[in-house]
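I have placed the structure first, in the form of structure tokens, so that the comments after it can refer back to it.
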Amino acid sequence: MNDSWENLIAGVKNRDIRAAARLITRVENRAPGWKEAMSRIYSRTGSARVIGITGSPGAGKSTLTCAMTKELISRGLTVGIIAIDPSSPFSGGALLGDRLRMKEIFETPGVFIRSMATRGMLGGLCQAARDVVRILDLFGKDIILVETVGVGQDEIEVVKTADLVMVVCMPGQGDGIQAIKAGVMEIADLYVVNKADMPGVDEAVADILAMLELSTETGKPSAPVLKTSALKNQGVKEVVTAFLDHRTDEDRRQAKAEIRAREEILSLLAQEVSGYILKQWENENRFCESVNQVLKKQKDPYAIVKEMTQRFNWS
Ligand SMILES: Nc1nc2c(ncn2[C@@H]2O[C@H](COP(=O)(O)OP(=O)(O)OP(=O)(O)O)[C@@H](O)[C@H]2O)c(=O)[nH]1
Ligand SMILES: [Mg+2]
459 MNDSWENLIA
469 GVKNRDIRAA
479 ARLITRVENR
489 APGWKEAMSR
499 IYSRTGSARV
509 IGITGSPGAG
519 KSTLTCAMTK
529 ELISRGLTVG
539 IIAIDPSSPF
549 SGGALLGDRL
559 RMKEIFETPG
569 VFIRSMATRG
579 MLGGLCQAAR
589 DVVRILDLFG
599 KDIILVETVG
609 VGQDEIEVVK
619 TADLVMVVCM
629 PGQGDGIQAI
639 KAGVMEIADL
649 YVVNKADMPG
659 VDEAVADILA
669 MLELSTETGK
679 PSAPVLKTSA
689 LKNQGVKEVV
699 TAFLDHRTDE
709 DRRQAKAEIR
719 AREEILSLLA
729 QEVSGYILKQ
739 WENENRFCES
749 VNQVLKKQKD
759 PYAIVKEMTQ
769 RFNWS
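Residue numbers (the numbering used here): 459 to 773.
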């Protein structure tokens, strides 16, 4: 197969899994030409529904993702899964566990799974996640599930790029629910208390409802709270129905779309500008030197950046 960008894109449109995997890898690695390739793809994307799945570690996000995938497939929909792993894809038990759990799903026709490492992602995880979503969208996936591990800042940024955000909690987690509050509350469209087969599920639902009661902005519809046991496949149908039926009101949708477009332009611009300047400095071998100067306290980072940008008359 000729691996030109053009052929890979044509392959993805023809639902060739190998072409999709290769295109994703190339774009993730920021191979020369990636921006032009994404630019060509862009106008053909936007039809997939993207669901961000976040929540406390171990709450059952991956198990639920698998259960929801089966349900979606049974409804005749095709599914792409992007698992955002916080560490290297080759280490860490979490992903290994997920892999085993997802093995069954891996082998289901109509499902495409991709994991992405957060560490060392060239040019930012958020942008890379947006790009992978678009490639799966071009591939013709109806639903794209993006699972993040934990609720760190990076993960929140990633799920914010989704059309709908699901927050997964579990019983017996009073403090965990507190921790979720901070960044996630304002982006959650749907709460799921998983492990409903364990004690304390109603208390957890009540905790979330109380928290929502306190913080719901006037005018914003309150997010529904559902119960599941992903392990026993209970309540999963209801969750799938809830997110398929979910309609964001037009004002909120518009506002969200505007924020997303703004953020994407700014992030691409920031990468472009810093990449350009950095490249020049590296060509002149000055970047290592600058780092050393900071380490030796000969210069400070503010002064270095000033030097780096002064040829552009910015400061
Ligand atoms: N009892 C019970 N256990 C569950 C349920 N769903 C998941 N688990 C178990 O909880 C553990 C964690 O499940 P995962 O699906 O890996 O959770 P996760 O949220 O994806 O975990 P991280 O990605 O590591 O944050 C596993 O041992 C699952 O078998 C459930 O509905 N009930
Ligand atoms: Mg997981």
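For every residue, glycine included, the Cβ atom is placed at its ideal position computed from N, Cα and C.
Because the structure is a prediction, the values reported are computed rather than measured.
Looking at ligand 1, does it come within less than 7 Å of residue i, judged from the CB to the closest heavy atom?
i, result
"Val607", "yes"
"Asp612", "no"
"Asp655", "yes"
"Gly582", "no"
"Ala517", "yes"
"Leu689", "yes"
"Asn472", "no"
"Asn652", "yes"
Assuming residue i is part of the alpha helix (DSSP H), what are its boundary residues?
i, result
"Ala489", "That residue, Ala489, is in no alpha helix (DSSP H); it is neither H nor E in DSSP."
"Met628", "Careful: Met628 lies outside any alpha helix (DSSP H) and carries neither H nor E."
"Ala700", "Val694 to Asp703"
"Gln768", "Per DSSP, Gln768 belongs to no alpha helix (DSSP H) and is neither H nor E."
"Ala525", "Lys519 to Ser532"
"Ala586", "Leu583 to Leu596"
Determine the direct distance from the alpha carbon of residue j to that of residue i, and round the result to whole angstroms.
i, j, result
"Arg484", "Lys471", "16 Å"
"Glu464", "Lys493", "13 Å"
"Gly693", "Leu648", "14 Å"
"Ile539", "Leu481", "16 Å"
"Ser546", "Cys746", "Any answer about Ser546 is weak, because its pLDDT of 43 lies below 50 and its placement is not dependable; what the coordinates show is given next. So the two alpha carbons sit approximately 25 Å from each other."
"Thr686", "Ala506", "25 Å"
"Asn771", "Gln738", "16 Å"
"Asp709", "Ala715", "10 Å"
"Lys757", "Glu742", "18 Å"
"Leu736", "Gln751", "16 Å"
"Leu667", "Val683", "7 Å"
"Pro490", "Asn460", "16 Å"
"Thr706", "Ile467", "31 Å"
"Ala728", "Ile475", "32 Å"
"Cys584", "Thr606", "11 Å"
"Ile614", "Ala586", "14 Å"
"Gly518", "Ile571", "17 Å"
"Glu529", "Ser520", "14 Å"
"Leu702", "Ile602", "12 Å"
"Ser573", "Val591", "12 Å"
"Ser725", "Lys754", "32 Å"
"Lys764", "Gln611", "28 Å"
"Glu740", "Met643", "42 Å"
Once the 5 residues before and after residue i are set aside, which same chain residues still bring their CB inside 8 Å of it?
i, result
"Ala662", "Cys627, Met628, Pro629, Gly630, Gln631, Ile635 and Val651"
"Met656", "Met628, Pro629 and Gly630"
"Ile593", "Val470, Ala478, Leu481, Ile482, Val485 and Ile499"
"Phe548", "Because the pLDDT at Phe548 is just 41, under 50, the model does not fix this residue reliably, and the point stays unresolved."
So, helix, strand or coil for residue i, using DSSP?
i, result
"Ser738", "The question names Ser, but residue 738 in the sequence shown is Gln. It is helical."
"Gln729", "helix"
"Gly513", "strand"
"Gly469", "helix"
"Gln756", "coil"
"Leu689", "coil"
"Met624", "strand"
"Arg507", "strand"
Can you list, in chain order, the residues of its chain with a C-beta nearer than 6 Å to that of residue i? Leave out the 5 residues immediately preceding and following it.
i, result
"Gly568", "Ile531 and Thr536"
"Val510", "Going by the sequence as given, residue 510 is Gly instead of Val. Excluding residues within five positions, the ones whose Cβ falls inside 6 Å are Val604, Val617, Ala620 and Val623."
"Asp595", "Thr503 and Ala506"
"Ala646", "Val623, Val625 and Ala681"
"Ser748", "Ile762"
"Asn691", "Ala525"
Which two residues bound the contiguous beta strand (DSSP E) that contains residue i?
i, result
"Ala605", "For clarity, residue 605 is Glu in the given sequence; the question names Ala instead. Where Glu605 is concerned, the enclosing beta strand (DSSP E) stretches over Ile601 to Thr606."
"Asp543", "Val537 to Asp543"
"Ser573", "Val569 to Ala575"
For ligand 2, I want to know if residue i counts as a neighbour, meaning its beta carbon is within less than 7 Å of at least one of the ligand's heavy atoms.
i, result
"Ser520", "yes"
Going along the chain, which residues of its own chain have a beta-carbon closer than 7 Å to the beta-carbon of residue i, five neighbours each way excluded?
i, result
"Asp589", "Val485 and Met496"
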